[in-house]
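Below is one structure; the comments refer to it alone.
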Amino acid sequence: MRDRLRGIARRRRPQAPAAPVLAGAPQRPVPLTAQRVGDDLARRGYRFRIDDDGDVTGTWDGNRFWFLLLGDHDEILQVRGRWAGAVSSRARLAVLQAVNDWNRERIWPKVYVREEDDGLALYAEVSVDFEHGATDDQIAATVSCGLVTAAQFFASVGVLTSDPES
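Using my numbering, the letters of the sequence shown correspond one by one to residues 12 to 177.
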């Protein structure tokens with residue numbers, strides 16, 4: 012009976028206006044999606060693409076970033092950056108110490124090194140669990156935090172690895 016009444020109500024108001032949104036009214040969290048992350052980047056005018064794995068990716072200040080949805084239900088947004096620079100054997104110890112200092116003194120981003128085919132690679136990550144959904148503002152804050160704090164770390168490492176003789 013209730014379903015029948017809803018059907019009748021819909022037929023009588025096929026173009027009912029949307030409920031008004033009050034200025035300053037809090038947003039309701041909705042499930043996190045790659046589309047919503049891409050929408051946030053597009054609103055900022057950032058260029059990005061979807062890679063072969065379906066991940067949102069782009070380049071900021073020459074460094075590659077990924078915007079990954081992790082967890083059993085894609086509820087964790089991780090902003091991961093990989094520094095484009097190279098770590099020389101001469102700078103290796105200083106960079107490792109800088110990574111350790113950064114993680115001890117700061118909350119974001121988590122930074123780490125990985126041995127890769129072309130040498131030591133530096134990564135920065137900010138991860139936020141949106142198990143109960145996220146507002147557009149929360150997604151924007153996470154994206155900003157990930158990009159800005161990673162850029163700060165990469166800049167600090169760039170100073171350590173620059174060749175003083177060049």
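Think of the CB as a built atom: it goes at the ideal place given N, C-alpha and C, for glycine as much as any other residue.
- For E127, no alpha helix (DSSP H) segment is defined; the enclosing uninterrupted segment is the beta strand (DSSP E) at 121 to 127.
- Nearest in C-alpha terms to V170, of all of E136, T160, V98, P37, is V98.
- A Cβ-Cβ distance of about 11 Å is found for the pair G69 and R55, leaving them out of contact under the 8 Å criterion.
- Per the DSSP secondary-structure output, N111 pairs with nothing in a beta bridge.
- Beyond the five residues adjoining it in sequence on each side, A161 comes within less than 6 Å, by CB distance, of G92, P120, A135 in the same chain, given in chain order.
- With 16 or more neighbouring CB atoms inside 10 Å of its own CB, T153 falls in the buried class.
- Distance from G144 to P42 at the Cβ level is roughly 5 Å; contact confirmed, criterion being Cβ atoms closer than 8 Å.
- Taking D140 as reference, the option from D85, G35, D51, G73 with the minimal CA-CA separation is D85.
- With respect to the C-alpha of V110, the residue from L133, Q89, E127 having the closest C-alpha is L133.
- Here the alpha carbons of R115 and V137 stand approximately 15 Å from one another.
- DSSP, read as helix, strand or coil, puts R103 in helix.
- Within the region 27 to 95, the complete alpha helix (DSSP H) segments of 4 residues or longer fall at 45 to 54, listed in chain order.
- Per DSSP, S138 is one residue of the beta strand (DSSP E) stretching across 130 to 140.
- When DSSP reads this structure, A145 sits in a beta bridge with V41.
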